[in-house]
Amino acid sequence: MTRIFHLAAISFAALGLASAANAQEARNVILMISDGAGMTTWQAASHYRHGALGQEVYDGFDVHVFMSTYSQGREDGEPGSYDGVPAWDDTPTDDVFEARDTTYPQGFEGYRYLRTNATDSAAAGTALASGVKVRNGALNIAPDGTRLSHIGQTLAANGGVFGSIADVYWSHATPAAFLAHNTSRQNYEEIGRQIVTDQAATVVMGAGHPYFDNNGLPRSGEDVDYRYVGGADTWQALSAGEAGWTSIDTLTGFEALASGEREIAAGERIIGTVPVAATIRFGRDGDGMDDPLIPTVPDLATMSVGALNTLHAQDAPFFLMIEGGAVDWAAHSNNLPRIIEEQIGFNLAIEAVVDWVETHSSWEETLIVVTTDHGNGLLLGPDSLEEAFQNVVGQGAGHLPLARWHTDNHTNELVPVWAHGAGAERIAAKATGRDDGLAAWGIPEENRIYLDNIELNRAMHDALGLEFPN
Ligand SMILES: [Zn+2]
């Protein structure tokens, strides 16, 4: 295949059609990231929701492979890597593992390996957005200081439009990886200001509203926090409609975008700031699923459809990143009911996106990729300290599966990728690694193959007919 496209590139170049370097299959690409969701997290949510595996909409996609996620490593550490032999090492060990806030029994040598030297969301997001491995914490800045062109930026330079949305702060690491450049993901205010002043994207959505708390209730005085929306001056200009963007920050505003009742003008840029502090659901009071939801915020499905309508109105090829960001936060908290709640919210968003494609576009022109940026929590079965890599055990629909956490931080495990539509086979073609250890989690033999996260980025570039710029 590579040779055929290479020859095609030569003949297009001879005709002076420089931008036709790759055969374009996908007009649009939608990348959906459930942050910090290893394979067993998807399975736990599926057990709870359906009482079985195999019934989520992504289970019907044409392509199901796995992906390695390692980064260039921490600032002062070794570069990351992935090797299936140490990853699945079932040699027992008695010592302990010091995670972020908690100490866990080490269990097995493979657990030690998977819990060591994992990527963070900034480096993982950069790999998916720009196709280059960077140090943890960096957003689209290479180790040598080069500013990397992320995929939306590259598509926009070729006549397309792009967006990046999340159900956490819109300046948070993953959405920012598809919007901004910074040496540190922690520079939220600077990142937010850059997103607004660049006016590069067409749609940006997420939480981080300065005037609402984690329950969606008004906050005032010294509790007001402009950090995640570019600072006070940027927010004032944005909300006054003086920053080159339309600002939306009410539930009815999000719903009108999704329903189509609100007209979207050609060239209009929209920033939707959900009226809540950190995220739409996970930060509310309580720690279970029974705590009442915040009634004044949209769900990720509504945000996704609104963003798709906004891009579709521009009558140009588009790239959209959609992140379920609080799956990762629930994993950091080792909160099983809340991670299942978050993952189900993400799965509902996938269903809404699939419906949108089938209504407003088609699988002949649009590619959907569903994945995560890295594992988190090493969620395994209840007896996984005795039985290496034991999977979570379903207890029927509406019941929490039996499970045990092995860390409160990110992991280096292979993570799932599902893809469907235009150019999806390019992702399968790049999955040249094989890892039969995945049998432990019930993965069929034909799906125990993997590519690297930077290869997924290349496949998306290729599907869009974009020359890789970095
Ligand atoms: Zn992440």
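When the letters of the sequence shown are read in order and numbered with my numbering, they come out as residues 11 to 480. All C-beta atoms, glycine included, are put in the ideal place defined by N, C-alpha and C. Predicted model, so just to flag it, every value in this text is computed and none were measured.
Through-space distance from Val39 to Tyr114, alpha-carbon basis
Along the sequence shown, one-based indexing puts residue 114 at 104. Along the sequence shown, one-based indexing puts residue 39 at 29. Answer to the nearest angstrom: the Cα atoms are 40 Å apart.
Measure the beta-carbon distance from Arg203 to Thr244 and round it to whole angstroms, keeping in mind my assumption that it falls under 8 Å.
Your numbering for residue 203 matches position 193 in the sequence shown. Your numbering for residue 244 matches position 234 in the sequence shown. About 5 Å; that satisfies the 8 Å criterion.
Val402 to Asp104, Cα distance in whole Å?
Position 392 of the sequence shown, counting from 1, holds the residue named residue 402. Position 94 of the sequence shown, counting from 1, holds the residue named residue 104. Taking the straight line joining both Cα atoms gives about 22 Å.
Kindly examine ligand 1 and report whether one of its heavy atoms sits closer than 8 Å to the Cβ of Asn386.
Taking the first residue of the sequence shown as position 1, residue 386 is located at position 376. Yes, Cβ of Asn386 sits closer than 8 Å to a heavy atom of ligand 1.
Can you pull the DSSP bridge partners for Asn192?
Numbered from its first residue, the sequence shown carries residue 192 at position 182. Note: Asn192 sits in a beta bridge opposite Leu149.
Gly240 bridges to which residues according to DSSP?
Counting from 1 along the sequence shown, the entry for residue 240 is found at position 230. DSSP output for Gly240 lists no bridge partner at all.
Measuring CB atoms only, is the region 176-193 touching the region 220-234, in the sense that at least three cross pairs come out at less than 8 Å?
no
Residues sharing a beta bridge with Ser44, DSSP
Here residue 44 is taken as the residue at index 34 of the sequence shown, counted from 1. According to DSSP, Ser44 shares a beta bridge with Gly334.
Best match in Asn192, Gln246 and Gly169 for proximity to Thr212 [C-alpha to C-alpha]
As a first step, residue 212 must be located in the sequence shown, where it is residue number 202. Per the Cα distances, Gly169.
In the DSSP assignment, what residue or residues form a beta bridge with Gly282?
Position 272 of the sequence shown, counting from 1, holds the residue named residue 282. Gly282 is bridged to Met215 and Ile258.
Proximity to Gly411 [Cα-Cα], best of Ala55, Arg37 and Lys143
Position 401 of the sequence shown, counted from the first residue, corresponds to residue 411. Note that residue 411 is Pro in the sequence shown here, rather than Gly. For Pro411, the nearest C-alpha among the options comes from Ala55.
Pick helix, strand or coil for Phe356, following the three-state DSSP scheme.
Here residue 356 is taken as the residue at index 346 of the sequence shown, counted from 1. DSSP places Phe356 in helix when its eight states are reduced to three.
Quick check: does the Cβ of Asp418 come within less than 8 Å of any heavy atom belonging to ligand 1?
Translated into positions along the sequence shown, residue 418 becomes position 408. Because no heavy atom of ligand 1 lies under 8 Å away, the Cβ of Asp418 does not count as near it: no.
Cβ of Thr184 within 8 Å of any heavy atom in ligand 1?
As a first step, residue 184 must be located in the sequence shown, where it is residue number 174. Yes, since a heavy atom of ligand 1 falls inside the 8 Å radius drawn around the Cβ of Thr184.
Neighbour-count burial assignment, Thr417, 16 or more Cβ in a 10 Å radius
Here residue 417 refers to the residue found at position 407 when the sequence shown is read from its first residue. When all chains shown are included, Thr417 counts as buried.
Please report how far the alpha carbon of Asp472 lies from the alpha carbon of His74, in whole angstroms.
Locating residue 472 in the sequence shown gives position 462, counting from the first residue. Locating residue 74 in the sequence shown gives position 64, counting from the first residue. Cα to Cα, Asp472 sits roughly 19 Å from His74.
Give the DSSP-derived three-state secondary structure of Val144 in the structure shown.
Indexing the sequence shown from 1 puts residue 144 at position 134. Three-state result, Val144: coil.
Should His409 go down as buried or exposed, given a rule of 16 or more other Cβ atoms within 10 Å for buried?
For the purposes of this step, residue 409 is taken as the residue at position 399 of the sequence shown. Of the other Cβ atoms in all chains shown, fewer than 16 fall within 10 Å of the Cβ of His409; this residue is therefore exposed.
Buried versus exposed, by CB contacts within 10 Å (16 or more), Gly296
Mapped onto the sequence shown, residue 296 falls at position 286. With fewer than 16 other Cβ atoms within 10 Å, it is exposed.
Using a 10 Å radius around the Cβ and a threshold of 16 neighbouring Cβ atoms, would you call Leu25 buried or exposed?
Counting from one through the sequence shown, the residue named residue 25 turns up at place 15. Low per-residue confidence applies at Leu25: pLDDT is 37, beneath 50, and the placement is therefore not dependable, though the value from the model is reported in the following sentence. With fewer than 16 other Cβ atoms within 10 Å, it is exposed.
In the DSSP output, what is Phe107 paired with across the bridge?
Your numbering for residue 107 matches position 97 in the sequence shown. Beta-bridge pairing by DSSP links Phe107 to Tyr114.
Are the CB atoms of Asp338 and Ala287 nearer to each other than 9 Å?
By one-based count along the sequence shown, residue 338 stands at place 328. By one-based count along the sequence shown, residue 287 stands at place 277. It is not a contact, given that the beta carbons lie outside the stated cut-off.
Rounded to the nearest angstrom, what separates Ala31 and Ser140 at their Cα positions?
If you number the sequence shown from 1, residue 31 lands on position 21. If you number the sequence shown from 1, residue 140 lands on position 130. Low confidence applies here, because Ala31 scores a pLDDT of 46, under 50, leaving its location unreliable; read the following figure in that light. For Ala31 and Ser140, the distance between alpha carbons rounds to 18 Å.
Leaving out five residues before and five after Met11 in sequence, what residues of the same chain have Cβ atoms less than 6 Å from its Cβ?
Working through the sequence shown from its first residue, we reach residue 11 at position 1. Because Met11 carries a pLDDT of 31, less than 50, the predicted location of this residue cannot be relied on, and the following value inherits that uncertainty. Nothing listed; no residue qualifies.
Contact test: Ala134 Cβ vs ligand 1 heavy atom, cutoff 8 Å:
For the purposes of this step, residue 134 is taken as residue 124 along the sequence shown, with counting starting at 1. At least one heavy atom of ligand 1 is nearer than 8 Å to the Cβ of Ala134, so yes.
Are the beta-carbon atoms of Met77 and Val425 separated by less than 9 Å?
Locating residue 77 in the sequence shown gives position 67, counting from the first residue. Locating residue 425 in the sequence shown gives position 415, counting from the first residue. The answer is yes: Cβ separation under 9 Å.
Spatial distance of Gly387 from Leu261 (CA atoms):
In the sequence shown, residue 387 corresponds to position 377, counting from 1. In the sequence shown, residue 261 corresponds to position 251, counting from 1. About 32 Å.
Counted within 10 angstroms of its Cβ, other Cβ atoms place Leu474 as buried (16 or more) or exposed
For the purposes of this step, residue 474 is taken as residue 464 along the sequence shown, with counting starting at 1. Counting C-beta atoms within 10 angstroms of its own C-beta, Leu474 has 16 or more neighbours from the protein chains shown and is therefore classed as buried.
Classification of His370 by the beta-carbon crowding that lies within 10 angstroms, buried from 16 upward
Here the question's residue 370 lines up with position 360 in the sequence shown. The residue in question, His370, is exposed, as its Cβ has fewer than 16 Cβ neighbours within 10 Å.
Under 9 Å between the Cβ atoms of Phe264 and Thr312?
By one-based count along the sequence shown, residue 264 stands at place 254. By one-based count along the sequence shown, residue 312 stands at place 302. Yes, these two residues count as a Cβ contact at 9 Å.
Selected residue, minimal CA-CA separation from Ser230, among His219, Gly433 and Val239:
Position 220 of the sequence shown, counted from the first residue, corresponds to residue 230. Here the closest residue by C-alpha is His219.
Runs of alpha helix (DSSP H) wholly within the region 285-351 (minimum 4 residues, chain order)
310-322 and 336-342
Would a C-beta distance cut-off of 9 Å place Met42 and Glu423 closer than the cut-off?
Here the question's residue 42 lines up with position 32 in the sequence shown. Here the question's residue 423 lines up with position 413 in the sequence shown. Not closer than 9 Å, so no.
List the whole-angstrom C-beta distance separating Thr289 from Asp177, where the pair is believed to meet the contact cut-off of C-beta under 8 Å.
For the purposes of this step, residue 289 is taken as the residue at position 279 of the sequence shown. For the purposes of this step, residue 177 is taken as the residue at position 167 of the sequence shown. 6 Å between Cβ atoms; contact.
Can you tell which of Ile281, Ile354, Gly70 and Ala109 has the C-alpha that lies nearest to the C-alpha of Ala247?
On the sequence shown, position 237 is the one that residue 247 refers to. Residue Ile281 is the option with its Cα nearest to Ala247.
Buried or exposed: where does Pro308 fall if 16 or more other Cβ atoms within 10 Å of its Cβ makes it buried?
Translated into the one-based positions of the sequence shown, residue 308 becomes position 298. Counting every other CB atom within 10 Å of its CB across the protein chains shown gives Pro308 a total of 16 or more, marking it as buried.
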